Each structure stands twice: as C-alpha cells, then as structure tokens.
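Residue numbers (the numbering used here): 3 to 207. All remarks here apply to the structure that follows.
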C-alpha cells in the first residue's frame, strides 16, 4: 500500500473511532450507574405542575381549595391536547389532593383518556418525598405515570433524583418535565430527559 493511501486510511480510522467515542460519552448529569444489586428500575415520570390558579391565599385551608382560573383551565386543556398529539401515553396519573392540582389532573385524565387517577398526600406542597419515593418504588417497571403537584416541591424532587441541589430548574405552571428513574437503592437516582414550558408544548402539536 502506498504511503498516501495508508495515511488516508489511518486518518479515516481515527475519525470513525472518535465519532464512536463521542456517541458513547456519558451524560454530564451526575447519575449513578444502575445495577440489579442496587435496586435497578426503569420508570419514566411525567411531572406536571398545576395550571394558573390566581393569587395565593394566606390561610392554608382556604389556599388548598383555590381552583384553576378560567384561563388556567383553558391553558391546561391546550397543554393536554398537545401532549396527546405528540403521543404521550399512560394509564395512570397521581395528583396532589389540593383543588388546583386535582382539577389539572382531571383535565389531563379526560383528554389523555387516563383510566386511573389517584390522590397522593405525598404530592402536597409539604408532602413527604421519602414517602413518595417508597410508593414509586412499588410500581411496576416500565410504567410512565404522570405526577401532578406544586412548586418548589417538584423541582426539588427532580434535583434529588438527578443527584444535584444546585441545578437551576424552573417548572412553570402547566410545564412538564420527563424524568427517568434508574434506581431506588441506595437512593433514588435517574436523569432529566426534558423540561418544557407551556409555550413550547403548544408549539409541538
């Protein structure tokens, strides 16, 4: 083989090898490597913040009964229709029992034709994340449930799952995040797959 041909083949081989290495490069998100011994799992969570519900009330009991505004209901209907148009499918949705979250979940369940809707106290603004993780760990693998809740609870939960408390995550009202849980032991861990604002969701359909 002549020297120029050998040089071209070596350059091509290096280029191919580099491309493979780039594709196999690990995500920058610090996610522990799951294993069967470490309680491996695979659950895709769709995390939905409730829609617009007007001004917050100072009395906790009254604030828990704060409903979606007419604009908030309309926006949530559009968001749910867009999620359906892009092919989001699930057979269950878990929601905070607070009225604004429950109404958000009901709109999503109706449009997405979700047969199972349950209220989980763990999804309240002051709910127990540890209790939530225990419930999620008992679900079958390969599920894709929707969780409906509040801020800052939801973004704090996302941060715990992906293993960082310093990530600047903003989940707007009506926004949706997708998180893949890969392990529940020794602690819950996974990766943030995407984070969408209501405007982006509307443009996707």
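Glycine is no exception: its CB is placed at the ideal position from the N, C-alpha and C atoms. Please read these numbers as outputs of a predicted model, since none were measured by experiment.
Please list, in chain order, all residues of the same chain as residue i whose beta carbon is under 7 Å from its beta carbon, the five residues on each side excluded.
i           : result
residue 113 : 79, 82, 83, 86
residue 30  : Residue confidence is low: residue 30 scores 37 on pLDDT, short of 50, so the model does not pin down where it sits. No coordinate-derived value is stated.
residue 189 : none
residue 73  : 54
residue 68  : 55, 56, 59, 101, 102
residue 23  : Note on residue 23: pLDDT 34, under 50, position unreliable in the model; no value is reported.
Mind checking which residues open and close the alpha helix (DSSP H) that includes residue i?
i           : result
residue 163 : 155-164
residue 84  : 72-87
residue 204 : 200-206
Among the options, which residue has its Cα nearest to the Cα of residue i?
i           : options            : result
residue 93  : 107, 207, 102      : 107
residue 136 : 183, 68, 205       : 183
residue 53  : 102, 163, 130      : 102
residue 45  : 199, 195, 201      : 195
residue 91  : 58, 176, 159, 144  : 144
residue 200 : 189, 180, 173, 119 : 173
residue 105 : 150, 156, 202, 159 : 150
residue 129 : 141, 100, 146, 163 : 100
residue 131 : 88, 64, 163        : 163
residue 77  : 142, 176, 64       : 176
Does the distance from the CB of residue i to the CB of residue j come in under 8 Å?
i           : j           : result
residue 148 : residue 161 : no
residue 204 : residue 49  : no
residue 51  : residue 153 : yes
residue 158 : residue 125 : no
residue 75  : residue 109 : yes
residue 47  : residue 181 : yes
residue 168 : residue 88  : no
Whose C-beta lies closer than 6 Å to the C-beta of residue i among residues of the same chain, with five residues either side of it excluded?
i           : result
residue 139 : 186
residue 122 : 96
residue 155 : 127
residue 111 : 95, 119
residue 197 : 179
residue 134 : 124
residue 146 : 46, 92
Can you give me the start and stop residues for the beta strand (DSSP E) that residue i sits inside?
i           : result
residue 183 : 178-185
residue 151 : 148-151
Skipping 5 residues on each side, what residues in its chain have a beta carbon closer than 8 Å to that of residue i?
i           : result
residue 141 : 45, 147
What alpha helix (DSSP H) runs, 4 residues minimum, are completely inside the region 84-136? Listed in chain order, the complete alpha helix (DSSP H) runs (minimum 4 residues) inside the region 84-136 are 101-114.
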